[in-house]
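Report on the following structure.
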Amino acid sequence: MDFGKIEKKWQKIWKAKKFYKTKDKISGKKNFYHLVMFPYPSGNLHIGHWYNFAPSDIFARFKKMSGFNILSPIGFDAFGLPAENAAIKRNIHPKDWTYKNIKTMSKQLESMGNMYDWSREIITADPQYYKWTQWMFLQLYKKGLVYKKKAPANWCPKCHTVLANEQVISGQCERCDSQVIQREIEQWLFKITDYADKLLKDLDDLDWPEKTKTMQRNWIGKSEGTEIEFKINDSEFKINIFTTRLDTIFGCTYLVMAPEHSLLKNNKLGINNYEEVKNYLDQAKNKSDLQRTELQKNKTGVELKGIKAINPFNNEEIPVYVADYVLGYYGTGAVMAVPAHDQRDFEFAKKYKLPIKQVICQNYPSPICPILEKAFTENGHLVDSKNFTGLTPQKAREEMANWLEKNKVGKKNINYKIRDWLVSRQRYWGAPIPIIYCDKCGIIPVPEKNLPVKLPNVKNYLPTEEGKSPLAHSKKFINTKCPQCGAQAKRETDTMDTFVCSSWYYLRYADPNNSKKFADPKKIKAWLPVNMYIGGAEHSVLHLLYARFLTKVLYDLKFINFKEPFASLKHQGIILGPDGQKMSKSRGNVIDPDELVRQFGSDCVRMYLAFMGQYDQGGPWNPTGILGIKRFLERIWNSKNIIKNQKSWVKNADIEKLFHQTIKKVSEDIENFQFNTAISALMVLLNEVEKHKNSLSISHYSLFLKLLAPFAPHLSEELWQKLENKKSIHLESWPKYNPELIKEKEFELIIQINGKIKDKMFVNSGISQQKAQEIALNSEKIKSAISPDQKIKKIIFVPDKLINIVI
RNA sequence: GCUCUCGUGGCGGAAUUGGCAUACGCGCGGCGCUUAGAACGCCGUCCCGCAAGGGUUAGAGGUUCAAAUCCUCUCGAGAGCACCA
39 MDFGKIEKKW QKIWKAKKFY KTKDKISGKK NFYHLVMFPY PSGNLHIGHW YNFAPSDIFA
99 RFKKMSGFNI LSPIGFDAFG LPAENAAIKR NIHPKDWTYK NIKTMSKQLE SMGNMYDWSR
159 EIITADPQYY KWTQWMFLQL YKKGLVYKKK APANWCPKCH TVLANEQVIS GQCERCDSQV
219 IQREIEQWLF KITDYADKLL KDLDDLDWPE KTKTMQRNWI GKSEGTEIEF KINDSEFKIN
279 IFTTRLDTIF GCTYLVMAPE HSLLKNNKLG INNYEEVKNY LDQAKNKSDL QRTELQKNKT
339 GVELKGIKAI NPFNNEEIPV YVADYVLGYY GTGAVMAVPA HDQRDFEFAK KYKLPIKQVI
399 CQNYPSPICP ILEKAFTENG HLVDSKNFTG LTPQKAREEM ANWLEKNKVG KKNINYKIRD
459 WLVSRQRYWG APIPIIYCDK CGIIPVPEKN LPVKLPNVKN YLPTEEGKSP LAHSKKFINT
519 KCPQCGAQAK RETDTMDTFV CSSWYYLRYA DPNNSKKFAD PKKIKAWLPV NMYIGGAEHS
579 VLHLLYARFL TKVLYDLKFI NFKEPFASLK HQGIILGPDG QKMSKSRGNV IDPDELVRQF
639 GSDCVRMYLA FMGQYDQGGP WNPTGILGIK RFLERIWNSK NIIKNQKSWV KNADIEKLFH
699 QTIKKVSEDI ENFQFNTAIS ALMVLLNEVE KHKNSLSISH YSLFLKLLAP FAPHLSEELW
759 QKLENKKSIH LESWPKYNPE LIKEKEFELI IQINGKIKDK MFVNSGISQQ KAQEIALNSE
819 KIKSAISPDQ KIKKIIFVPD KLINIVI
């Protein structure tokens, strides 16, 4: 049977009839926004894309048949580094490369037969789209959530651009794996840190995978502690430190400042050995993140000679060091070092022969504490801590913080790990940042009416080493007039991180062709927030965090009336190559879905992907089982003859019951994204039906086709129309089961002794414990298993399941 | 180092969430159909045992009438973060 032929036929008909065009409102139906993360136009679809798009379409089709008005759009995340890098490698203009890929990938996507509304397609590299990306930038700018600063940033020497914190993986560039270095450069940032608390709190109410929420929580990294002032002796300067272990302050034997600390610039503190310190600062600056990490085991630092800091709790004078194991961007950029209770301080103190003073001890009130071979970080009681001695660390932190606040030398404070989102890129293939520099007026945002700032079609799009965008070479682009005073001015030449484009695209689908607004508020209201969002877990702290941030900003600006973009979220697993490695062209382990579709048909491929295993698990691609699905579909195709050749129909209560049980099982499984067990239930049903051919009526057969429709949209449509139905099966409503009919009249009672199965027996459903007990004790097997001298201690009865005799 | 997943036949995986372990599919074996094969159909297929029966969810303990499921430790695989004070 050539399924490919049927599939092409229906795809053509659906396209011609605009069958999947979405209406914003259908009376009597609730809207349901079903969204799959839009693809990056990298070249061709691989089987991983199919795994993302095909099973999710099963869910969408099921929801549609269940009575919802579905929005299931598609588009392309078209700007960005990888496309640009790939284009450069092939010596093609990024635009040509990207649009060529979009064309191929669209064709491939169509061959899946998904219910996408192509009239709503969006492409983020389209000026009609990025006009609004630039508009978003301006809204954030107005709200004071965008700023520019010159500071060390993650620089990828191969991509010639800065990267956001989220795009640096273990000190390496997310895209090309080059070692990222720190480079002082002018950059634009979004103040995502202002939203750290909201981003954290609102996670609680989201229907998202728990691990994804955990990842975001860790990324945001809330940490409650105390900020303390340490005065410098004979000086007006103070060093502020942040700690979560205030209880250990009597064990503080020195302070450490990060090399980036502002008090270290130009020898403000009047240090005696500034030459030496300056040398150290310069060295630290040139270290990459990775180098700094690699040196974890071998910490370095320099003492600031000639100054001492004063511990406010005991007025002890302690030395101050600069060391790059302290981070400049976290907390206050300085810490109090307690070697006895912090492993990093412990290592440093050992190396520089600094005192290690234990103030938390397990043995309290015994005065003898064990000698430390590493930092002691567990719980105990305070020792050698003046009037705080004897307290638990928890209690001590409370009381010490009160003491600090009373004496005005410190206060409770909260720090977050998350850093501001660096959005500027020194690259060509992105949305230009809508900013103008005027000698007189300074930094001026482009007026909204002048948007979009179009990306010019330049010949020279190669990135440059000096840290400037290729757009800096385009005189036509740079030179402009100041919107405020009209004088000659220059445009910003950096472009935006592609994650800015993708952080709001879900809003645009509600109204993709609007030229006056990013979307009509009525249409936004009709569809958003997204009801079901599906995509890879690799975006947990990138796209998914950025999208939440932008939604919250738009909410605060009153453009939208919801705080979270994606009500429910599901991740699909990753399909690896047959060798168990990540699929990549260089490894040569990429599976081409087109070839599989030619061989088996798209219904078969999508169904096999759904059948392979749990949707969120993935794993190595193993094609051996696809024949099972192929056979299943062939059997369904042949089953039309059962009806045709049927002479007399015999009602069969068991088959009747199985049908209703299958409706229940399939419905619940699709709702829970358990497509594999839903398909297996359909297989069980077909197996039974084939055994009792004469008990299959036309209405049973129709019902089966409806259950099949989300999984195999083409085949089910073909068979449906062969039954002389005029309308499409995809306009039918999802079958409902009769709760009365699925009830089992009998069940197999499991009879256990001490939890081990000894006998099984069919009995009527709903029997009482008494009755079950009687039956169980009368069983020959049970009788012989219990010797006369053994007494029954207890009997456990689980209704309609089992009875357990404890002896 | 920290945070978090996961480990079930030869393979992909089920198990109503603590109540019949191995559903469904692949593969394999046997039989049928066939000149033969392919395809298809039927039967079998966790291990030991002729059987009665016993054992089995990476391994070892524990909780429970009852554990693949909960707890502790060990081993193994994977993901994310990583000097965050």
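Numbering follows the working numbering, with no gaps: position 745 of the first sequence is 783.
All residues carry an ideal CB built from backbone N, CA and C; glycine is no exception.
Sheet register partners of residue i (DSSP bridge)
i	result
VAL358	LEU293
HIS72	MET570
MET587	The amino acid at residue 587 is misidentified as Met; the sequence shows Phe. DSSP output for PHE587 lists no bridge partner at all.
LEU614	PRO658
GLN225	LYS187
GLY339	ALA361
GLU784	ASN802
THR430	Answer is none; THR430 lacks a bridge partner.
GLN217	GLN210
ILE348	LYS269, GLU355
Whole-number beta carbon distance between residue j and residue i, since they are thought to touch under 8 Å
i	j	result
ASN256	ARG457	Actually they do not touch by this definition, with Cβ atoms about 14 Å apart.
TRP156	LYS186	TRP156 to LYS186, Cβ: 40 Å. No contact.
GLY113	TYR543	7 Å
MET295	GLY371	7 Å
LYS465	THR199	The residue asked about is misnamed: residue 465 is Arg in this sequence, not Lys. Confirmed, Cβ separation roughly 5 Å.
SER110	SER640	Incorrect: roughly 17 Å between the Cβ atoms, too far for contact.
PHE100	ILE708	5 Å
THR291	ALA375	6 Å
PRO408	GLY366	Their Cβ separation, rounded to whole angstroms, is 36 Å, which puts PRO408 and GLY366 out of contact at 8 Å.
Residue i burial status per 10 Å Cβ neighbour count (16 or more: buried)
i	result
PRO501	buried
ALA691	exposed
PRO403	exposed
ASP477	exposed
ARG158	buried
ASP243	exposed
CYS214	exposed
LEU761	exposed
THR286	buried
ARG546	buried
ASP154	Looking at the sequence shown, residue 154 is not Asp but Tyr. Buried, by the Cβ-count rule.
LYS668	buried
GLU262	exposed
ALA750	buried
ARG128	exposed
GLY656	buried
ASN488	exposed
LYS56	exposed
Helix, strand or coil at residue i according to DSSP, with G and I counted as helix
i	result
MET153	coil
CYS194	strand
CYS539	helix
PRO837	coil
VAL315	helix
GLY263	strand
HIS419	strand
ASN802	strand
THR281	strand
LEU743	helix
ALA439	helix
HIS609	strand
TRP246	coil
PHE41	helix
Checklist entry - Hey, is the region 522-530 in contact with the region 576-591, meaning 3+ C-beta pairs nearer than 8 Å? => result no
Item to check | Stretch-stretch touch, CB-based, cutoff 8 Å, three pairs: the region 346-353 with the region 261-271 | outcome: Cβ pair count under 8 Å is three or more, so yes.
Next on the checklist: Quick test of the definition: if touching needs 3 or more C-beta pairs under 8 Å, does the region 657-668 touch the region 729-749?
Outcome noted: Output reads no: the region 729-749 does not touch the region 657-668.
Item to check | Three or more C-beta pairs below 8 Å linking the region 299-315 and the region 383-401 | outcome: The count of Cβ pairs closer than 8 Å, one atom from the region 299-315 and one from the region 383-401, stays below three, leaving the stretches out of contact.
Checklist entry - Is the region 787-802 touching the region 70-83 in the sense that three or more CB pairs, one from each, lie closer than 8 Å? => result no
Next on the checklist: Taking 8 Å as the cut-off, does the region 765-781 touch the region 699-718 (at least 3 CB pairs, one atom from each stretch)?
Outcome noted: With a cut-off of 8 Å, the region 765-781 and the region 699-718 count as touching, because enough Cβ pairs lie within range.
Next on the checklist: I'd like to know if the region 598-617 and the region 566-579 are in contact, where contact means that at least 3 CB-CB pairs between them fall below 8 Å.
Outcome noted: yes
Next on the checklist: Using 8 Å as the cut-off, can you tell me whether the region 591-607 makes contact with the region 86-102, which would need three or more C-beta pairs spanning the two stretches below that distance?
Outcome noted: no
Checklist entry - Taking three-plus beta-carbon pairs below 8 Å as touching, is the region 439-459 in contact with the region 509-522? => result no
Checklist entry - Can you find at least 3 beta carbon pairs, one from the region 478-486 and one from the region 553-570, that sit closer than 8 Å? => result no
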